[in-house]
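Those protein sequence lines, which keep their order, are chains A and B. Numbering of the first sequence is given in the numbering used here, commencing with residue 119 and proceeding in unit increments. Numbering of the second sequence is given in the numbering used here, commencing with residue 119 and proceeding in unit increments. First up is the structure itself, then whatever we jot down about it.
Number of protein chains: 2
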Amino acid sequence: MTVTADLAISLDGYIAGTDVTIDNPGGHGAEPLFEWIHNLTSWRERQGMTGGEENRDSQLMREWFDATGAVVMGRMMYDTGEEFWGDNPPFRTPVFVLTHRPRPTLVKEGGTTFSFVTDGIHSALDRATAVAGDRNVDIAGGASTLRQYLAEGLIDELQLHVVPALLGAGLRLFDGPGRHPRRVEPLRVEETPLATHLKYRFVK
Amino acid sequence: MTVTADLAISLDGYIAGTDVTIDNPGGHGAEPLFEWIHNLTSWRERQGMTGGEENRDSQLMREWFDATGAVVMGRMMYDTGEEFWGDNPPFRTPVFVLTHRPRPTLVKEGGTTFSFVTDGIHSALDRATAVAGDRNVDIAGGASTLRQYLAEGLIDELQLHVVPALLGAGLRLFDGPGRHPRRVEPLRVEETPLATHLKYRFVK
Numbered sequence: 119m120t121v122t123a124d125l126a127i128s129l130d131g132y133i134a135g136t137d138v139t140i141d142n143p144g145g146h147g148a149e150p151l152f153e154w155i156h157n158l159t160s161w162r163e164r165q166g167m168t169g170g171e172e173n174r175d176s177q178l179m180r181e182w183f184d185a186t187g188a189v190v191m192g193r194m195m196y197d198t199g200e201e202f203w204g205d206n207p208p209f210r211t212p213v214f215v216l217t218h219r220p221r222p223t224l225v226k227e228g229g230t231t232f233s234f235v236t237d238g239i240h241s242a243l244d245r246a247t248a249v250a251g252d253r254n255v256d257i258a259g260g261a262s263t264l265r266q267y268l269a270e271g272l273i274d275e276l277q278l279h280v281v282p283a284l285l286g287a288g289l290r291l292f293d294g295p296g297r298h299p300r301r302v303e304p305l306r307v308e309e310t311p312l313a314t315h316l317k318y319r320f321v322k
Numbered sequence: 119m120t121v122t123a124d125l126a127i128s129l130d131g132y133i134a135g136t137d138v139t140i141d142n143p144g145g146h147g148a149e150p151l152f153e154w155i156h157n158l159t160s161w162r163e164r165q166g167m168t169g170g171e172e173n174r175d176s177q178l179m180r181e182w183f184d185a186t187g188a189v190v191m192g193r194m195m196y197d198t199g200e201e202f203w204g205d206n207p208p209f210r211t212p213v214f215v216l217t218h219r220p221r222p223t224l225v226k227e228g229g230t231t232f233s234f235v236t237d238g239i240h241s242a243l244d245r246a247t248a249v250a251g252d253r254n255v256d257i258a259g260g261a262s263t264l265r266q267y268l269a270e271g272l273i274d275e276l277q278l279h280v281v282p283a284l285l286g287a288g289l290r291l292f293d294g295p296g297r298h299p300r301r302v303e304p305l306r307v308e309e310t311p312l313a314t315h316l317k318y319r320f321v322k
């Protein structure tokens, strides 16, 4: 079983803008991170929309969707996404939400369930692993959750979609303590007109 | 005339380690940033050494050396490099050193001169441009100098040699204020066993 993280990141290392709130989950100034995604056929399909462009970026996103058997996310990401995702969220797998407040599991349409995990990141990963089958567990975000899994050395593969922009401020993926230095091994490098897609495996 | 910057950078955005001093200019923990360079034929030639490997990385470094007609660097980089570079420094072009203390120009062997500029980064760039001819002006470092030129929007092309490692701490290339957000345009993406080479042009 492989634990993945798959993120859009600016050339200067930001995965969200400034002033992230429930009403503005990407943060201020984050448009370059996400605007390239909205017209990809594979992304639109997952949001229940038709159309878009079936380009290489769309294929890479579909590959990631299809390879994912369970998802872990932080409470902030859940809270900011809940309304937008609606009754048929794009995950279509079990999702484990890190929180301090117990809640019953929510069963949505299309295969998505939201289970609320109160006993930490290792427990959430264990529970996700137990249901992911042959597929990957993806650590979806946000920045704080990703940093915790990175710091514990729990992520196996990291795909960064480097968008051609500098934000200058926001939330960094790589920040704070962790096991360092760490070696990674490049698995794939692909350039498209929209982003440079870098896929790495962490060396154990 | 094109103003370039060409740097090894870790996947987590560091261009030097921690505790940079005269005796340890790369800083603590920075080995992954620089170890891939030492066996490149083109780098060794510039240091007056024979041997090494003439691989794609060596070609990319030679391309950058050959394209550079003048160099700008900070005082810290000059002070840390002075002894190592010796009587025949690797630049083989005029070098303009940003400093607060006037000094006479030093003429070295092989075409390298060191001129000391006391009236700021624009003046240093102007003087470098005046002598670079058809070739580029390269902003060589260190981190503080690079950030100042980036913040003023004075760099045209940025080549990042992303080494497959996370340092976890050190000096970041992208830090502090500047004109943001900024768009960049990918010029070239190449993967080698040693690094992922990303070349961007800043969009004006």
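In this text, a Cβ means the ideal position worked out from N, Cα and C, and glycines have one as well. Treat the numbers as computed from the prediction; the structure is a model and nothing was measured.
- Comparing alpha-carbon positions, the option among B/A287, B/G228, B/E303, B/V302 lying closest to B/I127 turns out to be B/A287.
- Excluding sequence positions up to five before and after B/G294, its CB lies within less than 8 Å of the CB of R265, A269, all in the same chain and listed in chain order.
- With a beta-carbon spacing of about 16 Å, B/L158 and B/V280 fall beyond the 8 Å limit used to define contacts.
- Going by beta carbons, A/G147 and B/P299 fall inside the 8 Å limit.
- Between the C-alpha atoms of B/P282 and A/Q165 there is a straight-line separation of about 34 Å.
- Residue contact with chain B for A/F292: present (Cβ-Cβ distance below 8 Å to some residue of chain B).
- Spanning the alpha carbons of A/E309 and B/V307 requires a straight line of approximately 7 Å.
- Using beta-carbon distances, A/Y267 does not count as an interface residue toward chain B, since no partner is under 8 Å.
- For B/A242, the uninterrupted alpha helix (DSSP H) run begins and ends at 239-250, by DSSP.
- For A/I133 and A/G204, the gap between their C-alpha atoms comes out near 24 Å.
- Taking C-beta separations shorter than 8 Å and ignoring five residues to either side along the sequence, the partners of B/G228 in its chain run N206, P207, R210, following chain order.
- For B/R301, the chain A residues whose C-beta falls within less than 9 Å of its own C-beta are P150, P282, A283, L284, listed in chain order.
- Beta-bridge analysis with DSSP links A/G192 to A/L216.
- Here B/L316 is bridged, per DSSP, to B/L278, B/V307.
- B/L291 carries a coil assignment under DSSP once its states are collapsed to helix, strand and coil.
- Within the segment 149-191 of chain B, complete alpha helix (DSSP H) segments of at least 4 residues are found at 149-152, 159-164, 174-185, given in chain order.
- Residue environment analysis places A/H240 among the exposed positions, since fewer than 16 neighbouring C-beta atoms fall within 10 angstroms of its C-beta.
- Around the Cβ of B/V321, a 10 Å sphere holds fewer than 16 other Cβ atoms; the residue is exposed.
- The DSSP-derived three-state label of B/G144 is coil.
- In this structure, the CA atom of A/A248 is about 16 Å from the CA atom of A/G238.
- Sequence-distant partners of B/L312 (beyond 5 residues in either direction) whose C-beta falls short of 7 Å from its own C-beta, in its chain, are W154, D175.
- The alpha-carbon separation between B/T223 and A/I257 amounts to approximately 56 Å.
- The three-state secondary structure of A/R300, taken from DSSP, is strand.
- Close to A/A287, with beta-carbon spacing below 8 Å, are these residues of chain B in chain order: H298.
- One finds nothing in chain B with a Cβ atom closer than 7 Å to the Cβ of A/P143; even the nearest lies about 18 Å away.
- Under the 8 Å criterion on CB atoms, A/L178 is classed as non-interfacial with respect to chain B.
- Of all residues in the segment 304-318 of chain B, only P304, V307, E309, T314, L316, Y318 come within less than 7 Å of chain A when Cβ atoms are compared, listed by chain position.
- Interface flag for A/G147 against chain B is set, since a Cβ pair is found closer than 8 Å.
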